[in-house]
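One structure is given below, encoded as structure tokens.
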Amino acid sequence: GASGLDFGYPLATECPGSLLVSGRVSAVLCAPCGAQILGGYCSDRRDGFQSAGSTIENKGTEARFVIFGFHASQFVVWDPVKLERLLAVPCGGGHRSWSFWPVHTGVWPGYGALVFIKQGSVLASERPLESTSVSARTWNEGWSLREGIHGRGIGCVCRLGRIWVPNDSTANRAETPGPVRVQIEGQWEIIVTGGEDTSLTVLAVHPNSGSVTVLSIITDHISSVRTVVALTHQDRLKLTSQSQSLSALVISASGRAQLQCYRLQIGWNKRRLAPFCQVVQVAGHRLDEHWERKRNRHKMVKMDPETRYMSMAVVDDNSDAVLVALACSDGAVRLFSVSEVKRQIHLLWETFYHQRCVLSVATCSLKAGKGHRYVLLFSAATDGKIAVWDLTQAASGSSCDAPTPPNPCLSIAAHQSGVNSLAVWPHTQGPLDGGCLVTVSSGGDDGQLMVSTIRVDFLEDRLRTVGVTQDQPQSHLGLHLLSQLSFPSAHAAPVTALKLLRPGLIVTASCDQRVCLWELCSTSINHRGVLCSHVADAAGLAVWEEPVVEDGRTADLGQTLYEYNLYDYYY
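Read left to right, the sequence shown gives residues 36 to 606 (the working numbering).
Here it is in structure tokens:
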């Protein structure tokens with residue numbers, strides 16, 4: 036076998052009855068199968084083929100053998116008999132994923148087609164320029180068959196909303212072809228994704244045609260973007276309204292403890308017949324820069340510069356500043372204030388209660404009698420425990436004067452290992468006597484789906500009667516764990532994402548390439564459907580429900596982005 040040879044040959048391929056090998060030794064070797072190496076074709080004295088293939092073309096009684104592969108910055112088709120270069124495609128050099136379609140009468144007679152992946156995009160070569168000399172045929176730069184979303188894996192996704200294209204937008208354009216008119220009419224879903232290539236990408240997805248258009252790429256982060264949230268302000272009309280514009284405040288968090296905030300304006304360009312996006316940077320924040328501005332920092336332990344923001348949740352958006360809570364890899368839960376008016380991001384407080392990497396956070400808003408509103412924060416770490424915090428004072432604005440982190444109201448043992456995702460919602464059957472019920476669903480590394488029910492008692496009147504000190508933020512709520520339900524084998528791999536479609540209906544994603552739909556009852560967890568995803572390692576999930584029909588949509592992502600309809604699985 037050829038496994039014992041080490042001549043720097045990175046690729047071997049086969050032709051009928053022979054073995055073709057190429058490499059850095061500036062030669063292409065061809066040997067009959069089962070025999071010794073008989074001969075070699077020198078491709079170029081300066082550099083060898085990075086990869087090679089072979090094809091045989093029959094012209095009557097004459098069989099023509101050619102070699103094709105990458106050489107320097109071009110894709111080359113080489114005739115080993117005449118020792119001449121037949122075609123050369125300037126593609127930038129060797130590519131791991133590529134395919135060459137040889138000469139075929141149905142596609143560009145007399146030529147072939149090269150398709151390859153470059154920087155996350157699928158490219159195809161153009162037809163070469165006409166020339167009388169065969170060796171002088173050089174192919175032009177190709178066109179993109181599909182735009183790349185990210186250069187590396189996608190780590191998070193967030194849906195902003197949708198814009199509608201009126202039917203009369205193409206009625207006055209007689210030169211617009213029919214297929215294009217079908218693609219641009221109707222609704223466009225606006226989605227923001229963050230990736231390992233440190234960029235944010237704003238996408239417009241057309242569900243009817245399946246086309247994905249990249250509206251903008253934001254490259255202000257210095258590490259992988261792991262979580263993103265959005266506050267959308269659209270026309271204050273009914274859900275069935277067809278708005279042509281969308282405005283959203285997008286907050287993204289990444290590794291190296293970095294936060295970024297942007298204002299996105301999305302609309303429809305009637306001249307270009309395409310959606311557009313305007314990006315305005317509002318503010319940015321980094322923990323190391325925050326530490327450098329402290330006065331007595333020499334008396335403090337410096338924060339870890341490699342701290343990663345793992346998850347983010349909006350605590351309050353009713354005031355002038357938006358409050359967001361972040362789960363951090365250094366074991367902290369941090370609360371930030373984001374002001375679009377002042378264009379600033381402030382760290383209000385941080386707590387290291389978990390003492391280990393915090394993986395996920397989620398919030399829940401409760402309404403009691405007399406117009407009182409309470410805000411709960413749920414945080415989960417790698418030990419499988421979920422902590423519940425009362426952030427009512429922070430949401431009311433009183434935490435700015437006394438930025439002391441509260442103590443957790445409740446701790447729930449939910450999983451054997453890390454809790455990757457949380458979904459929380461209050462019961463809608465009506466408040467209980469002096470309280471209400473809250474459901475917490477979680478998915479973890481153990482592949483288990485856990486549903487916990489918590490009773491929340493409103494203690495505000497009781498606290499006013501007794502009186503408390505203000506040294507430590509006091510909770511106005513009393514929390515008790517009522518029940519827990521589990522589905523041990525929800526997935527064959529860790530549950531990486533869990534989202535709420537509607538109260539009692541959740542969607543989960545896992546590394547086992549399945550997207551599952553679950554219905555939660557008071558005494559059981561029912562599996563309602565499953566979809567097989569092409570995403571090998573699903574890292575995030577975004578779900579939304581159509582306002583008119585009983586149609587749920589989900590966007591699943593890992594290395595790529597997929598959108599599914601879930602209405603067939605719920606009835």
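Note that CB positions come from ideal geometry on N, CA and C, so glycine has one too.
E327 sits in a helix when the DSSP states are folded into three classes.
As DSSP reads the structure, K420 sits in a beta bridge with A448. When only Cα atoms are considered, Q222 and L238 end up about 13 Å apart. Scanning V157, A123 and L121 for the CA closest to the CA of S132 turns up V157. Setting aside the 5 residues that flank it on each side, K153 is surrounded in the same chain by C126, G127 and H130, each with a C-beta closer than 8 Å to its C-beta; the list follows chain order. Between the C-alpha atoms of S374 and L281 there is a straight-line separation of about 20 Å.
Between the stretch 187-201 and the stretch 299-307 there are three or more inter-stretch CB-CB distances shorter than 8 Å, so the stretches are counted as touching.
Among the bridge pairs identified by DSSP, Y388 is matched with none. In the structure shown, L322 falls within a helical segment according to DSSP collapsed to helix, strand and coil.
Sorting L576, G406 and V423 by C-alpha distance to the C-alpha of F413 places V423 at the top. Between L401 and P461, the C-beta gap is smaller than 9 Å, which places the two residues in contact.
DSSP, read as helix, strand or coil, puts S431 in helix. In the same chain as Q295, and ignoring 5 residues on each side of it, the C-beta atoms closer than 6 Å to its own belong to D255, S287 and G319, in chain order.
For R298, the closest alpha carbon among the candidates A309, H325 and H268 is that of H268.
Of the residues assessed, E224 falls on the buried side of the cut-off, its CB having 16 or more other CB atoms within 10 angstroms. Rounded to the nearest whole angstrom, the C-alpha separation of L383 and V227 is 27 Å. DSSP links A360 through a beta bridge to A348 and L370. Shown here for T386: same chain residues with a beta carbon closer than 6 Å to its own, the five before and five after excluded, namely V368 and P440 in chain order. With a beta-carbon spacing of about 6 Å, V317 and R378 fall inside the 8 Å limit used to define contacts. Per the DSSP secondary-structure output, L484 pairs in a beta bridge with G478 and F522. Classified as buried, Q428 has 16 or more neighbouring CB atoms from the shown chains inside 10 Å of its CB. Here the C-alpha atom of R549 lies approximately 43 Å from the C-alpha atom of A123. Note: D425 is bridge-paired with L411 in the DSSP secondary-structure output.
Under the 10 Å beta carbon count, K534 is surrounded by 16 or more other beta carbons and is classified as buried. A Cβ-Cβ distance of about 16 Å is found for the pair S251 and C191, leaving them out of contact under the 8 Å criterion. Residue pairing of Q379 in beta bridges, as defined by DSSP: S374. Following the DSSP letters along the chain, one finds P125 inside the beta strand (DSSP E) bounded by residues E119 to P125.
Exclusion of the five residues before and after D355 leaves S374 and V376 as the residues of its chain whose Cβ lies within less than 8 Å of its Cβ. The Cβ atoms of S545 and G453 lie no closer than 9 Å to each other. Among the bridge pairs identified by DSSP, K153 is matched with S156. Excluding residues up to 5 positions away in sequence, V486 and G539 lie with their Cβ nearer than 6 Å to the Cβ of L555 in the same chain.
Per DSSP, reduced to three states, the secondary structure at K534 is strand. Of the other Cβ atoms in all chains shown, 16 or more fall within 10 Å of the Cβ of A362; this residue is therefore buried.
With 16 or more other CB atoms across the displayed protein chains lying within 10 angstroms of its CB, S372 is buried.
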